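S.K.: Taking this note's numbering, I'd label the letters of the sequence shown as residues 15 to 315.
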Amino acid sequence: PKKKIIVVVGFFMGCVLAVGFVLVREMLNDTITSTDALKEFQKPVLGAIPDFSVIGELDPNERQYIGKKSVSNQLITLFDHISPISEAYRRLRINVVYANPDKDYKILMVSSATKGEGKSTVAANLAVTFTGSEKKVLIIDLDLRRPTQHKIFGENKEPGLSDALFDSTIDARLSTVAPNVDLITVGHKTPEPASVLDSKRLKQLIDKYKSEYDHIILDTAPYGIISDSASLLRLIDGLIVVSRFNVTTKRELKFTLEGLEHLNADVLGIVLNAFDPKKSTDYYTNYNYYKRTYSEYYKYR
15 PKKKIIVVVG
25 FFMGCVLAVG
35 FVLVREMLND
45 TITSTDALKE
55 FQKPVLGAIP
65 DFSVIGELDP
75 NERQYIGKKS
85 VSNQLITLFD
95 HISPISEAYR
105 RLRINVVYAN
115 PDKDYKILMV
125 SSATKGEGKS
135 TVAANLAVTF
145 TGSEKKVLII
155 DLDLRRPTQH
165 KIFGENKEPG
175 LSDALFDSTI
185 DARLSTVAPN
195 VDLITVGHKT
205 PEPASVLDSK
215 RLKQLIDKYK
225 SEYDHIILDT
235 APYGIISDSA
245 SLLRLIDGLI
255 VVSRFNVTTK
265 RELKFTLEGL
275 EHLNADVLGI
285 VLNAFDPKKS
295 TDYYTNYNYY
305 KRTYSEYYKY
315 R
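Laid out in structure tokens, this is it:
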């Protein structure tokens, strides 16, 4: 009967339109939605850091006390060692250390394509994971425009780096923010960040601490929109570029990597931050399997 044919044809057309809509949406969506999407940039994928929704109960915007100090929940490697997110950071550390076995990545710079990608959170957690192998680590907040490290670790912003650079009578204040992790905060706001980062005194300061720490992590402004940190590229051993799942666009990341390549920067690879397997175009089944077996492993006694 005609009615049945109409229903079948309608159902078929509906399926075609639905599939077409999904395909068109994916074609128009330029954001990074998978680890596979990063392969086109021909840089190693150093790690995929899961979004906090993976563990559910912890609000990344809240804080908690460790002793008498209030730290951001985003500093998860400091207080939840068995979280899948902490494990992802440990994998990131391994991939960084062994990016080139013949090279010692002592001074690492962490940057991103644009704001809001979580580079400061990645830098802070990476620093904490290095201490698991008895390393002594120094974080220097060099994002002079939008500093974050003092907020993550619950420290005062001033006095800090900029104060020491402008006044030779002031030493950059070292704060021990975690076992074997020290922090130099950004200090007072400066009108010319690029000049500060290109100063001879900053180079002398970094050279001084090279002999005192196993690793120095420089948290810098997003290179894709701010070129302040270009002068630092000659001081570092490797650069980590952070992208954010479903936020960073391929165009933004391409522009950033091309700019860094033009300056002969030693880009170790890319980190995909806030990865949500439920919304990803790849890795979903494998990640669920990994998460389940990882949890079962830690529950076993």
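C-beta: ideal position from N, C-alpha, C; glycine also.
Keep in mind the model is a prediction, meaning the values are calculated, not measured.
If you draw a straight line from the C-alpha of L158 to the C-alpha of K203, how long is it?
M.R.: Stepping through the sequence shown from its first residue, residue 158 is reached at position 144. Stepping through the sequence shown from its first residue, residue 203 is reached at position 189. L158 and K203 have their alpha carbons spaced roughly 7 Å apart.
S.K.: For T162, which option in V151, G201, K149 has the closest C-alpha, if you only look at C-alpha atoms?
M.R.: Position 148 of the sequence shown, counting from 1, holds the residue named residue 162. When the alpha-carbon of T162 is set against those of V151, G201, K149, the nearest one is in G201.
S.K.: Using 10 angstroms around the beta-carbon of E131, count the other beta-carbons present and answer buried if the total reaches 16, otherwise exposed.
M.R.: Locating residue 131 in the sequence shown gives position 117, counting from the first residue. Its Cβ being crowded by 16 or more others within 10 Å, E131 is buried.
S.K.: Only counting runs of 4 or more residues, tell me where the alpha helix (DSSP H) segments fall wholly within the region 196-279, in order along the chain.
M.R.: 207-211, 214-224, 264-276
S.K.: Return the chain-ordered list of same chain residues with a C-beta closer than 6 Å to the C-beta of A192, the five sequence neighbours on each side being excluded.
M.R.: Mapped onto the sequence shown, residue 192 falls at position 178. Closer than 6 Å at Cβ, skipping near neighbours: L92, V142.
S.K.: Quick check on this structure: which residue in I240, V68, I254, R248 has the alpha carbon closest to the alpha carbon of P58?
M.R.: Walking along the sequence shown from the start, residue 58 turns up at place 44. Measuring from the Cα of P58, the nearest candidate turns out to be I254.
S.K.: For H276, count neighbouring C-beta atoms within 10 Å of its own C-beta (all shown protein chains included) and say buried if the count is 16 or more, exposed if not.
M.R.: The residue given as residue 276 occupies position 262 in the sequence shown. Looking at its Cβ environment, which holds fewer than 16 other Cβ atoms inside 10 Å, H276 is exposed.
S.K.: Please state whether the Cβ-Cβ distance between V256 and V136 is less than 8 Å.
M.R.: Locating residue 256 in the sequence shown gives position 242, where the first residue counts as 1. Locating residue 136 in the sequence shown gives position 122, where the first residue counts as 1. Result yes, Cβ atoms of V256 and V136 sit closer than 8 Å.
S.K.: Below 8 Å on the Cβ atoms is my contact criterion, and I expect L247 with A279 to pass it. Report the Cβ-Cβ distance as a whole number of Å.
M.R.: The sequence position of residue 247 within the sequence shown is 233, counting from 1. The sequence position of residue 279 within the sequence shown is 265, counting from 1. Beta-carbon to beta-carbon, L247 and A279 are separated by about 5 Å, close enough to satisfy the 8 Å threshold.
S.K.: Counting only the same chain and skipping the five closest in sequence on each side, list residues whose C-beta sits under 6 Å from that of T190.
M.R.: Sequence index remark: in the sequence shown, residue 190 carries index 176 (1-based). Hits under 6 Å: D196.
S.K.: Confirm, please, whether the CB-CB distance from T270 to T45 is below 8 Å.
M.R.: Counting from 1 along the sequence shown, the entry for residue 45 is found at position 31. Counting from 1 along the sequence shown, the entry for residue 270 is found at position 256. No, Cβ-Cβ distance for T45 and T270 is not below 8 Å.
S.K.: Could you tell me the distance, in whole angstroms, from the CA atom of L179 to the CA atom of L52?
M.R.: Walking along the sequence shown from the start, residue 179 turns up at place 165. Walking along the sequence shown from the start, residue 52 turns up at place 38. So the two alpha carbons sit approximately 38 Å from each other.
S.K.: Counting along the chain, where does the alpha helix (DSSP H) carrying N109 start and finish?
M.R.: Looking up residue 109 in the sequence shown gives position 95. In the DSSP assignment, N109 falls within the alpha helix (DSSP H) that extends over 98-111.
S.K.: Quick one: residues in its chain with C-beta nearer than 6 Å to the C-beta of S86, no 5 flanking neighbours on either side, listed in chain order?
M.R.: The residue you call residue 86 lines up with position 72 of the sequence shown. Closer than 6 Å at the Cβ level, and outside the excluded window around S86, lie R77, I166.
S.K.: Are at least three pairs of beta-carbons, each pair with one atom in the region 99-109 and one in the region 202-219, less than 8 Å apart?
M.R.: no
S.K.: What does the alpha-carbon distance come out to for the pair T299 and K293?
M.R.: Taking the sequence shown and counting its residues from 1, the one referred to as residue 299 is at position 285. Taking the sequence shown and counting its residues from 1, the one referred to as residue 293 is at position 279. Because T299 carries a pLDDT of 49, less than 50, the predicted location of this residue cannot be relied on, and no value is offered for it.
S.K.: Mind listing, in chain order, the continuous alpha helix (DSSP H) runs of no fewer than 4 residues lying wholly within the region 124-152?
M.R.: 133-144
S.K.: Where does the unbroken alpha helix (DSSP H) through L179 begin, and where does it stop?
M.R.: Residue 179 sits at position 165 when you count from the first residue of the sequence shown. Unbroken alpha helix (DSSP H) run through L179: 175-180.
S.K.: Buried or exposed, going by whether 16 or more other CB atoms sit within 10 Å of the CB of M123?
M.R.: Translated into the one-based positions of the sequence shown, residue 123 becomes position 109. Flag for M123 reads buried.
S.K.: Express the C-alpha separation of N287 and G238 in angstroms, rounding to a whole number.
M.R.: Numbered from 1 along the sequence shown, position 224 holds the residue referred to as residue 238. Numbered from 1 along the sequence shown, position 273 holds the residue referred to as residue 287. Computed Cα separation, rounded: 16 Å.
S.K.: Could you compute how far the alpha carbon of I184 sits from the alpha carbon of K83?
M.R.: As a first step, residue 184 must be located in the sequence shown, where it is residue number 170. As a first step, residue 83 must be located in the sequence shown, where it is residue number 69. Each residue's Cα considered, the two are about 25 Å apart.
S.K.: Using three-state DSSP, classify K165 as helix, strand or coil.
M.R.: If you number the sequence shown from 1, residue 165 lands on position 151. Residue state, collapsed to three classes: helix.
S.K.: Could you please give me the residues that DSSP links to Q78 through a beta bridge?
M.R.: Within the sequence shown, numbered from 1, the residue matching residue 78 stands at position 64. Paired residue(s): V85.
S.K.: Within the same chain, show all residues whose beta-carbon is closer than 7 Å to that of G174, passing over the 5 residues directly before and after it, in chain order.
M.R.: Within the sequence shown, the letter at position 160 stands for residue 174. So the list reads A186, R187, I198, T199, V200, G201, once near-sequence residues are dropped.
S.K.: So what's T91 in DSSP terms, helix, strand or just coil?
M.R.: In the sequence shown, residue 91 corresponds to position 77, counting from 1. Helix, per DSSP.
S.K.: State the start and end residues of the unbroken beta strand (DSSP E) segment that holds I63.
M.R.: Position 49 of the sequence shown holds residue 63. Residues 59-64.
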